[in-house]
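Every number in my numbering is 114 more than the matching position in the sequence shown, counting from 1.
Okay, so here's the structure we're looking at.
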Amino acid sequence: MISLRQRIVWASLLGSAALASSGAFAQAPAAAPSAPAAAAVAQADSAAAPKAQHKRMDPAKRMERMQEHRAKRLAALKEKLKLTSAQEGAWSSFTTATQPPAGPRPHMDRAEFAKLTTPERLERMQTRQAERSAMFAKRADATKTFYAALTPEQQKTFDAETAHFGGPRGHDGHRGHDGHRGAPAPAKG
């Protein structure tokens, strides 16, 4: 099923193609944008600025921001769970085991990767996939162990609060207006 956004994109693409092929686009005089249109363009540019700034950010600063964000999320989760003193050890084990690796991940230079043969590239990709699977298994085990230490009410809270951690994003890959990721698409039937 095609979403409304996809219909709009397709309509604008088809309209642009029709305009370009008819030559009307090339013959139209260049007009200065109106004030509202210029404001809209400026607003769109300012909205894109933080995203572009994030990509240019120093990897160490980006890692620091990610760690700060994780610490805030975990603190809020811990507060909502209302853990008992008997559950503190399980919480510590959980947060330690789910801690992302320190420092930036090593990446192979594209030029170096291109020099490898196809079997060598596949071997590198398979090794990386195995590393990711091992990290996931470690986090999953720690989460299951912690979850088992929670009361049924705390488990409901944990489920509700962590449903969006690492889950599917909206179809455009961005968070919604309230800062949460979009809901998963309904199953096709």
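Built from N, CA and C at the ideal position, the CB exists for glycine as well.
Three-way DSSP call (helix, strand, coil) for residue i in this model
i      : result
Lys196 : coil
Met177 : helix
Met239 : helix
Ala274 : helix
Leu188 : helix
His221 : coil
Leu264 : coil
Phe250 : helix
Thr231 : coil
Asp255 : helix
Thr210 : helix
Ala204 : helix
Ala244 : helix
Best match in the options for proximity to residue i [C-alpha to C-alpha]
i      : options                        : result
Phe272 : Glu178, Lys196, Ala216         : Lys196
His221 : Lys270, Ala277, Pro173         : Pro173
Pro215 : Glu245, Gln268, Ala277         : Glu245
Lys258 : Glu182, Arg179, Thr231, Thr276 : Thr276
Thr198 : Ala274, Gln268, His278         : Gln268
I'd like to know if the region 198 to 211 and the region 244 to 263 are in contact, where contact means that at least 3 CB-CB pairs between them fall below 8 angstroms. yes
Is the number of C-beta pairs between the region 191 to 205 and the region 259 to 275 that are closer than 8 angstroms three or more? yes
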